[in-house]
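According to numbering that gives the first Met the number 0, the residues represented by the sequence shown are 0 to 585, in order. Have a look at the structure below, then the notes.
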Amino acid sequence: MEEWFDVAKRIETSALAAAQQAGLDTEAFSADVRPADPRFGDMQVNGALPYAKRLKTNPREIAQKLVAALESDDAVSTVADLSIAGPGFINFRFKPEFFLNWLNAFSSEDAFRKSASRLYACERVVVDYGSPNTAKQMHVGHIRSIVIGEAICRLLEYCGAEVTRDNHIGDWGTPYGKLFYAYKVHLDAEALKNDPLGELERLYKLGSNLANEDESVLEECRQELVQLQAGETESIALWKRVNELSIQGLTEVYDQLDVTYDYYLGESFYRDQVAAVYRELEDCGLAEESKGALVVFHPEHKRYAEQPFIIRKSDGASNYATTDLATMLYRHEHFKATRVIVVTDDRQKDHFEQLDLTTAKWFEKTGRKRPIFNHVMFGKINGDDGKPIKSRSGDPIRLKALINEAVERAYAIVKEKNPDFPEDELENIAQTVGVSSIKYADLSTNRTSDYIFSWDKLLAFEGNTAPYLLYAASRIQSIFRKIDPTELTDLESKASPFETDEEMTLARKILEFVGALQVTIETLRPHMLSTYLYELSGAFSGFYNANKVIVEDPGQKARRIILCQRTLLALEAGLSLLGIKTLKRM
Ligand code: ARG
């Protein structure tokens with residue numbers, strides 16, 4: 000299956016051969032193939048200009064010579080018409096038959112997938128996303144890591160990588176002392192049964208407040224922590240119970256968001272592996288004592304020459320940095336990861352930069368091959384006032400409540416649009432539209448920017464939203480309901496080449512699908528894919544409004560049905576990569 004980058008490669012080969020044929024100095028010539036300005040063509044060879052500059056000759060004459068040679072090459076003349084623009088850009092305008100043949104090859108979901116799966120075929124990637132601290136509710140801020148991480152996992156898999164989804168939960172450390180103290184003294188057993196995460200969160204806050212007010216409570220909390228860290232049976236049993244409840248509570252939300260992890264290897268999993276980290280980093284001369292703590296400096300770095308990466312605190316305890324170093328080692332040794340991706344907010348930028356620098360040196364000194372590391376970071380979700388979004392009471396909004404509200408709001412909208420749909424279908428549509436809308440609001444904005452959360456905007460049927468795209472997909476489904484299935488056979492042999500501008504624009508857009516995945520995965524920015532899907536839907540609307548699909552002429556009808564089919568395939572595949580399910584009707 001051919002992709003734009005394959006075609007670009009072919010054009011490059013032809014251009015190099017043409018340069019030789021035209022008697023250019025091939026050492027000094029490079030083709031420089033790029034996408035063209037759509038007004039003039041599909042692809043462009045830009046090499047004539049720099050060549051002419053180097054050899055101090057006329058670029059337009061060089062371009063003319065190249066075009067003459069290219070036009071005598073069958074591999075070019077059968078697929079494109081050439082023209083020269085400006086001082087010597089050579090534009091390739093692909094012929095309609097070429098587009099049709101190209102599109103014909105993408106006859107199933109599988110064809111798109113096969114083509115994409117070349118991109119990351121040799122990668123083994125551990126994606127660490129979600130990763131909340133346990134014994135707490137997830138709030139609205141947690142959604143970004145979950146939906147961005149899940150989209151990245153799906154994209155990587157589609158592009159051929161082997162993906163491990165790891166939820167690196169924060170399930171160890173200081174908060175447990177306070178939580179356990181309060182659990183033993185102030186537990187409301189009934190509340191724990193009905194709303195485990197809510198009750199655990201209440202207990203932690205209570206323990207923390209009491210410890211702040213009273214020195215003796217603080218001491219008891221410390222003792223709780225010491226007992227836990229010493230592995231005392233009773234403490235460990237309580238810790239296990241708290242974790243079970245936490246994971247149960249988290250899973251409810253993950254289920255709603257259609258996210259399933261392969262592993263929950265949280266901070267506690269690495270607690271016995273930290274001693275080896277201290278030893279290795281000291282042995283290879285990276286870690287040093289500073290004010291009683293064990294730290295790593297990076298003298299070559301402007302900031303990290305002074306700002307220490309603390310890997311053991313002065314009280315002897317391990318910390319976030321220690322477990323993350325142990326985690327890196329484990330992902331390398333156990334999962335044989337070629338790449339590790341961690342998805343968190345941008346406040347952890349320094350931590351992960353220091354982690355990456357430290358790992359690079361550590362692995363190099365110990366002769367290990369370091370996985371590529373990507374910290375995929377994101378900004379905040381703000382309210383209308385531009386400040387981080389809060390509930391009316393001033394507390395962070397619970398993620399569970401947010402999802403429920405989205406579904407309720409979607410229900411009201413869908414019911415109004417389709418009062419005669421059966422109740423269970425309405426509920427199903429509302430669930431999909433509600434959840435998709437929150438996910439898509441996140442995935443359609445550049446992750447490094449903050450964005451403003453607005454119900455009206457994210458549930459709108461116009462603009463770059465989930466409802467708009469879902470509606471576009473369901474509209475194509477409805478076209479197929481009107482077509483007699485016998486007409487759907489042998490489309491490829493019946494189809495005549497494209498004629499209208501709208502057909503050509505849509506065909507081009509569909510063929511950009513794999514290219515769009517490629518930039519998305521290279522930049523790890525899902526909004527690149529959503530922008531593409533939005534443009535694809537726009538091209539489809541443009542086509543559908545101007546070109547009737549059910550027409551008399553069999554060749555015209557067949558090619559237009561092909562366009563509908565391929566649009567739907569690309570749209571559904573793209574949405575599912577963003578974690579969004581499509582609907583037959585809505
Ligand atoms: N638990 C952390 C937090 O809530 C995020 C963990 C991210 N993963 C990691 N390997 N550090 O901020």
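Ideal Cβ placement from N, Cα and C applies to all residues, glycine included. Being a predicted model, the structure only gives us computed values, none of them experimental.
Which of helix, strand or coil DSSP assigns to residue i
{"i": "residue 540", "result": "helix"}
{"i": "residue 262", "result": "strand"}
{"i": "residue 376", "result": "strand"}
{"i": "residue 167", "result": "coil"}
{"i": "residue 566", "result": "helix"}
{"i": "residue 550", "result": "coil"}
{"i": "residue 287", "result": "strand"}
{"i": "residue 33", "result": "strand"}
{"i": "residue 138", "result": "strand"}
{"i": "residue 119", "result": "coil"}
{"i": "residue 274", "result": "helix"}
{"i": "residue 303", "result": "coil"}
{"i": "residue 387", "result": "strand"}
{"i": "residue 417", "result": "coil"}
{"i": "residue 451", "result": "strand"}
{"i": "residue 463", "result": "coil"}
{"i": "residue 427", "result": "helix"}
{"i": "residue 107", "result": "coil"}
{"i": "residue 183", "result": "helix"}
{"i": "residue 315", "result": "coil"}
{"i": "residue 497", "result": "coil"}
{"i": "residue 480", "result": "helix"}
{"i": "residue 558", "result": "helix"}
{"i": "residue 174", "result": "helix"}
{"i": "residue 579", "result": "coil"}
{"i": "residue 282", "result": "helix"}
Span of the alpha helix (DSSP H), counted from its first residue to its last, around residue i
{"i": "residue 500", "result": "500-510"}
{"i": "residue 322", "result": "319-332"}
{"i": "residue 234", "result": "232-256"}
{"i": "residue 59", "result": "58-70"}
{"i": "residue 524", "result": "Neither: residue 524 is in no alpha helix (DSSP H) and is coded neither H nor E."}
{"i": "residue 220", "result": "214-228"}
{"i": "residue 10", "result": "3-20"}
{"i": "residue 160", "result": "From DSSP, residue 160 is part of no alpha helix (DSSP H); its letter is neither H nor E."}
{"i": "residue 353", "result": "348-364"}
{"i": "residue 191", "result": "188-193"}
{"i": "residue 74", "result": "73-76"}
{"i": "residue 491", "result": "490-493"}
{"i": "residue 589", "result": "Because the chain in this structure spans residues 0 to 585, residue 589 falls outside the shown range and cannot be described."}
Which residues DSSP lists as bridging residue i, in chain order
{"i": "residue 401", "result": "In DSSP, residue 401 forms no bridge with anything."}
{"i": "residue 91", "result": "42, 81"}
{"i": "residue 27", "result": "For residue 27, which the question treats as bridged, DSSP gives no partner whatsoever."}
{"i": "residue 127", "result": "165, 341"}
{"i": "residue 574", "result": "DSSP output for residue 574 lists no bridge partner at all."}
{"i": "residue 292", "result": "289"}
{"i": "residue 100", "result": "The partner list for residue 100 (beta bridge, DSSP) is empty, contrary to what the question assumes."}
{"i": "residue 371", "result": "338"}
{"i": "residue 381", "result": "387, 451"}
{"i": "residue 586", "result": "This structure cannot settle anything about residue 586, because the visible part of the chain is limited to 0 through 585."}
Cβ-based burial, residue i [other Cβ within 10 Å; buried from 16]
{"i": "residue 465", "result": "buried"}
{"i": "residue 184", "result": "exposed"}
{"i": "residue 438", "result": "buried"}
{"i": "residue 67", "result": "exposed"}
{"i": "residue 517", "result": "buried"}
{"i": "residue 433", "result": "buried"}
{"i": "residue 305", "result": "exposed"}
{"i": "residue 104", "result": "exposed"}
{"i": "residue 121", "result": "exposed"}
{"i": "residue 480", "result": "exposed"}
{"i": "residue 502", "result": "buried"}
{"i": "residue 359", "result": "exposed"}
{"i": "residue 34", "result": "exposed"}
{"i": "residue 127", "result": "buried"}
Start and end residues, beta strand (DSSP E) containing residue i
{"i": "residue 310", "result": "308-311"}
Residue i beta carbon near the ligand MG (any heavy atom closer than 7 Å)
{"i": "residue 203", "result": "Looking at this structure, you won't find the ligand MG anywhere; what it does contain is the ligand ARG."}
Contact shell at 6 Å, judged by CB to any heavy atom of the ligand ARG, ordered along the chain: 127, 130, 131, 132, 167, 169, 323, 326, 341, 343
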